[in-house]
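Colleague: Let me give you the structure first, and then I'll get to my questions.
Residue numbers (my numbering): 4 to 109.
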């Protein structure tokens, strides 16, 4: 089960693109794991957004990188309630795809 909390004033700095709900309520923020990586979930008026960072793969010569790539899964407002109902505290990219998410790997 994922626990959600309303946005705090400092959450608005990190997630300024989030939208208040029609009644003025704060967006919700939660945590889960995707493919064993820590992820955040934001539920706002536009839908559901999940974001998680993964390490950059080593080069062919074995060179390691300290950078990470950010992956995201987005559900628009029309599909948000279904997504929230079916999300678990530990997910995989395949299980998110099966929920109908638009996955982006940067």
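Ideal Cβ positions, reconstructed from N, Cα and C, are used throughout, including at glycine. All figures in this text were calculated on a predicted structure; none of them were measured in a lab.
Quick check: the Cα distance between residue 104 and residue 62, rounded to an integer number of angstroms?
Modeller: The residue you call residue 104 lines up with position 101 of the chain shown. The residue you call residue 62 lines up with position 59 of the chain shown. Distance between the alpha carbons of residue 104 and residue 62 is about 30 Å.
Colleague: Rounded to the nearest angstrom, what separates residue 87 and residue 66 at their Cα positions?
Modeller: Taking the first residue of the chain shown as position 1, residue 87 is located at position 84. Taking the first residue of the chain shown as position 1, residue 66 is located at position 63. Going from the Cα of residue 87 to the Cα of residue 66 covers about 39 Å.
Colleague: Could you name the residues that DSSP lists as bridge partners for residue 94?
Modeller: Against the chain shown, residue 94 aligns to sequence position 91. DSSP lists 37 as partners of residue 94.
Colleague: Are the segment 37-46 and the segment 75-95 in contact at 8 Å, needing three or more beta carbon pairs?
Modeller: yes
Colleague: Short check: CB of residue 7 to CB of residue 46, under 8 Å?
Modeller: On the chain shown, position 4 is the one that residue 7 refers to. On the chain shown, position 43 is the one that residue 46 refers to. For residue 7 and residue 46, yes; Cβs fall inside 8 Å.
Colleague: Does DSSP put residue 23 in a helix, in a strand, or in coil?
Modeller: Indexing the chain shown from 1 puts residue 23 at position 20. It is coil, neither helix nor strand.
Colleague: Going by DSSP in three states, residue 89 sits in which element: helix, strand or coil?
Modeller: Position 86 of the chain shown, counted from the first residue, corresponds to residue 89. Looking at residue 89 - three-state DSSP - the assignment turns out to be helix.
Colleague: Reducing DSSP to helix, strand and coil, say where residue 32 ends up.
Modeller: Taking the first residue of the chain shown as position 1, residue 32 is located at position 29. Reduced to three states, the DSSP call for residue 32 is strand.
Colleague: Bridge partners for residue 46 per DSSP, in chain order?
Modeller: Counting from 1 along the chain shown, the entry for residue 46 is found at position 43. 31, 51.
Colleague: In or out: residue 21 buried (at least 16 other Cβ within 10 Å) or exposed?
Modeller: For this step, residue 21 is matched to residue 18 along the chain shown. Looking at its Cβ environment, which holds 16 or more other Cβ atoms inside 10 Å, residue 21 is buried.
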